[in-house]
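A.B. asks: Below: one structure in structure tokens.
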Amino acid sequence: METVRGTTSLVGLLGWPVSHSLSPNMHNAAFKQLGLDWAYVPFPVRPTDLPKALKGLMALNVKGVNVTVPHKQAVMRYMDEVSKAAQTIGAVNTIYLKEGKFVGYNTDSTGFLNSLIEAECHPKGLRVAVLGAGGAARAVVFALTWAEVDSVVVLNRTAERAAFLIDDLIDTFPGSTLHFAPLTESSVVALKDSFDLVINTTSVGMYPHVDDCLWPKNIPMPSTAAYCDLVYNPLETVFLARAKMAGAKTIDGLGMLIHQGAAALELWTGKTAPADVMRQACLAGLLNRPVRQ
Ligand code: ATR
-15 METVRGTTSL VGLLGWPVSH SLSPNMHNAA FKQLGLDWAY VPFPVRPTDL PKALKGLMAL
45 NVKGVNVTVP HKQAVMRYMD EVSKAAQTIG AVNTIYLKEG KFVGYNTDST GFLNSLIEAE
105 CHPKGLRVAV LGAGGAARAV VFALTWAEVD SVVVLNRTAE RAAFLIDDLI DTFPGSTLHF
165 APLTESSVVA LKDSFDLVIN TTSVGMYPHV DDCLWPKNIP MPSTAAYCDL VYNPLETVFL
225 ARAKMAGAKT IDGLGMLIHQ GAAALELWTG KTAPADVMRQ ACLAGLLNRP VRQ
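Next comes the structure, spelled out in structure tokens:
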């Protein structure tokens, strides 16, 4: 967006806080590239103000919003329609305000899959370990199962939460092989050689706690697996740095951010999103961030 005019269509981001977000950078760069008279703005919305904020979006004729922490689950009850994927995942990260209705989607799952494919990691038939069982893990396990991986083991500090995640997904994908285990040194030792892909879906290793890593310190990371981290600040987390040192393939978290945004932009505008321009805008935004020295 170069100039906001009387004709400009508005989209944005609902979250609390939102000041750290790279989404305005990447969406506005994409609109400019596409020559669209659209603008993307951050909306900092306290949890208690969520219903009022949603009504306001409709009244102001906002075309759509992304939804981030802490609203991804809370917005669901205000939607008129929710996509099947978002229902199964249990979270909405993109809303399309369509003809007076709130339509909720989850583009995190397609964004994640597209980021794997972009990194030439094709999930079909892979044996996958997912570290974490929170909201991000739910979108990732949904995507992997939809993409017909061989199996998924969800490893989580709180094992019951991993069990709930699997219980929720198994109805949608009854034939799939989904297991869970506690995220302990002994389970990592026991399972580590049986994975083709290991994904950190937690925020462990994110700035400012950049020295943290979920993979146990003294356990080598098999180089036969690929390692993916959803954290993108820093781009190379300790988890990925250790995998790289071991000679393994690594996939950083920027791809998922870009591709979930690209999928949202395509829903709102009907245009093909310029993923490369969005990546450059994110990288430029990250340069201005405090990261590990
Ligand atoms: P998000 O929606 O971003 O996934 P979340 O729903 O709060 O966030 O989930 C955070 C995930 O990171 C959980 O799997 C959490 O483990 P618990 O279920 O045991 O809480 C995991 N997590 C966060 N900090 C962690 C840490 N220091 N060690 C291990 N797991 C951690």
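Note that the sequence shown covers residues -15 to 277 in my numbering.
All C-beta atoms, glycine included, are put in the ideal place defined by N, C-alpha and C.
Return yes when the C-beta of residue 78 is under 7 Å from any heavy atom of ligand 1, and no when it is not.
C.D. replies: Not under cutoff, so the answer is no.
A.B. asks: Do residue 231 and residue 184 have their beta-carbon atoms positioned less than 8 Å apart in this structure?
C.D. replies: For residue 184 and residue 231, no; Cβs fall outside 8 Å.
A.B. asks: In the DSSP assignment, the beta strand (DSSP E) including residue 26 goes from what residue to what residue?
C.D. replies: That run of the beta strand (DSSP E) goes 22 to 28.
A.B. asks: Any chance the CB of residue 272 is under 7 Å from a heavy atom of ligand 1?
C.D. replies: Because no heavy atom of ligand 1 lies under 7 Å away, the Cβ of residue 272 does not count as near it: no.
A.B. asks: Would residue 126 and residue 73 qualify as a contact pair, given that the criterion is a beta-carbon distance under 8 Å?
C.D. replies: It is a contact, given that the beta carbons lie within the stated cut-off.
A.B. asks: Comparing alpha-carbon positions, which option in -10, 220, 244, 201 lies nearest residue 124?
C.D. replies: Here the closest residue by C-alpha is 244.
A.B. asks: Within this structure, are the beta carbons of residue -8 and residue 37 separated by less than 8 Å?
C.D. replies: No.
A.B. asks: Quick one: residues in its chain with C-beta nearer than 6 Å to the C-beta of residue 219, no 5 flanking neighbours on either side, listed in chain order?
C.D. replies: Correct list, in chain order: 236.
A.B. asks: Bridge partners of residue 65, per DSSP?
C.D. replies: DSSP lists 87 as partners of residue 65.
A.B. asks: Closest to residue 270 by CA distance: which of 10, 1, -13, -4 is it?
C.D. replies: Among 10, 1, -13, -4, the Cα nearest to that of residue 270 belongs to 10.
A.B. asks: Here's the rule I'm using: 16 or more other beta-carbon atoms within 10 Å means buried, otherwise exposed. How should residue 69 be labelled?
C.D. replies: By the 10 Å Cβ count, residue 69 comes out buried.
A.B. asks: Rounded to the nearest angstrom, what separates residue 277 and residue 21 at their Cα positions?
C.D. replies: For residue 277, the predicted structure reports a pLDDT of 39, less than 50, and the residue's modelled location is therefore unreliable. A value from the coordinates is still provided. Each residue's Cα considered, the two are about 39 Å apart.
A.B. asks: Could you spell out the range, first to last residue, of the beta strand (DSSP E) harbouring residue 111?
C.D. replies: Where residue 111 is concerned, the enclosing beta strand (DSSP E) stretches over 111 to 115.
A.B. asks: If you measure between the beta carbons of residue 222 and residue 196, is that distance less than 8 Å?
C.D. replies: Cβ atoms of residue 222 and residue 196: closer than 8 Å.
A.B. asks: My understanding is that residue 149 touches residue 122, with C-beta atoms under 8 Å, so please give their C-beta distance in whole angstroms.
C.D. replies: About 6 Å; that satisfies the 8 Å criterion.
A.B. asks: Going by DSSP, what residue range makes up the alpha helix (DSSP H) through residue 129?
C.D. replies: Unbroken alpha helix (DSSP H) run through residue 129: 119 to 130.
A.B. asks: In whole angstroms, what separates the C-alpha of residue 64 from that of residue 87?
C.D. replies: Looking at the two C-alpha atoms, the distance is approximately 6 Å.
A.B. asks: At a cut-off of 7 Å, is residue 147 close to ligand 3 when judged by its beta-carbon and the heavy atoms of the ligand?
C.D. replies: Summarising the ligand content, the structure contains ligand 1 and does not contain ligand 3.
A.B. asks: Which of helix, strand or coil does DSSP assign to residue 82?
C.D. replies: It is a strand residue.
A.B. asks: Starting from residue 9, trace the beta strand (DSSP E) in both directions and tell me its first and last residue.
C.D. replies: Careful: residue 9 lies outside any beta strand (DSSP E), inside the alpha helix (DSSP H) at 7 to 18.
A.B. asks: Exposed or buried, which one is residue 288 when buried takes at least 16 other CB atoms within 10 Å?
C.D. replies: In this structure the chain extends from -15 to 277, so residue 288 is not present and cannot be described.
A.B. asks: Between which residues of its own chain and residue 47 is the CB-CB distance below 7 Å, once the five residues before and five after are set aside?
C.D. replies: So the qualifying residues of the chain are -7, -6, -5, 81, 252.
A.B. asks: Quick check: what's the CA-CA separation for residue 144 versus residue 30?
C.D. replies: So the alpha carbons of these two residues sit roughly 30 Å apart.
A.B. asks: Who does residue 184 pair with in a DSSP beta bridge?
C.D. replies: Answer is 115, 213.
A.B. asks: Taking residue 137 and residue 164 to be in contact with their CB atoms under 8 Å, please state how far apart those CB atoms are, rounded to whole angstroms.
C.D. replies: Confirmed, about 7 Å.
A.B. asks: Which residues in the same chain have their Cβ closer than 7 Å to the Cβ of residue 262, if we skip the five residues on either side of it in sequence?
C.D. replies: Answer for residue 262: 10, 13, 14, 242, 245, 246, listed in chain order.
A.B. asks: Go through its chain and collect everything with a Cβ distance to residue -11's Cβ below 7 Å, but skip five positions before and after it.
C.D. replies: Here the set comprises 21.
A.B. asks: Determine the burial state of residue 2: buried for a count of at least 16 other Cβ atoms within 10 Å of its Cβ, exposed for fewer.
C.D. replies: Buried: at least 16 other Cβ atoms inside 10 Å.
A.B. asks: Please find out if some non-hydrogen atom of ligand 1 comes closer than 7 Å to the beta-carbon of residue 187.
C.D. replies: Residue 187 Cβ: within cutoff of ligand 1.
A.B. asks: To the nearest angstrom, report how far apart residue 213 and residue 147 are at their CA atoms.
C.D. replies: The straight-line gap from Cα to Cα measures roughly 22 Å.
A.B. asks: Under 7 Å Cβ to Cβ from residue 153, same chain only, skipping five residues before and after it: list those, please.
C.D. replies: Within the same chain, residue 153 has close Cβ partners 72, 125, 126, 129, 162.
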